[in-house]
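Numbering (this note's numbering), first residue to last: 500 to 606. Glycine included, every Cβ here is placed at the ideal spot set by N, Cα and C. Only a predicted model underlies this, so the values are computations on that prediction, with no experimental measurement involved.
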């Protein structure tokens with residue numbers, strides 16, 4: 500639920516959604532893959548399965564917002580500080596999705 504301001508109105512994060520923690524971003528690039536050539540839902544699911552296989556908790560994975568951007572395929576993972584801390588502790592550069600090695604470009 501949104502935090503209440505002193506006047507009693509809900510206080511939202513700058514993007515307009517409630518937030519308990521400051522959100523952060525990690526970005527991975529999967530060079531050589533084209534966003535238009537993959538099933539985007541399946542790609543996100545494979546990213547999540549890779550994170551789970553490294554030992555990241557399902558709770559933290561579920562707190563991440565995963566965005567796919569074109570170019571190669573860039574995967575932006577955004578979430579509260581607690582989930583991002585757990586994410587950064589994973590061996591992200593060893594992740595492979597659709598057979599392509601991830602490269603950490605931000606975070």
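Counted as a single uninterrupted DSSP element, the alpha helix (DSSP H) harbouring residue 546 occupies residues 539 to 552. For the pair residue 601 and residue 592, the CB atoms are nearer than the 8 Å cut-off. Ranked by Cα distance from residue 538, the options 559, 584, 530, 596 are led by 596. Beta-bridge pairing by DSSP links residue 555 to no other residue. The Cβ-Cβ distance between residue 565 and residue 576 falls below 8 Å.
Exposed is the label assigned to residue 533, since fewer than 16 other Cβ atoms lie within 10 Å of its Cβ. Measuring C-alpha to C-alpha distances from residue 589 to each of 603, 573, 542 identifies 603 as the nearest. Counting along the chain, residue 586 sits inside no beta strand (DSSP E); it lies in the alpha helix (DSSP H) bounded by residues 580 to 587. Residue state for residue 567 is assigned as strand, using DSSP reduced to three classes.
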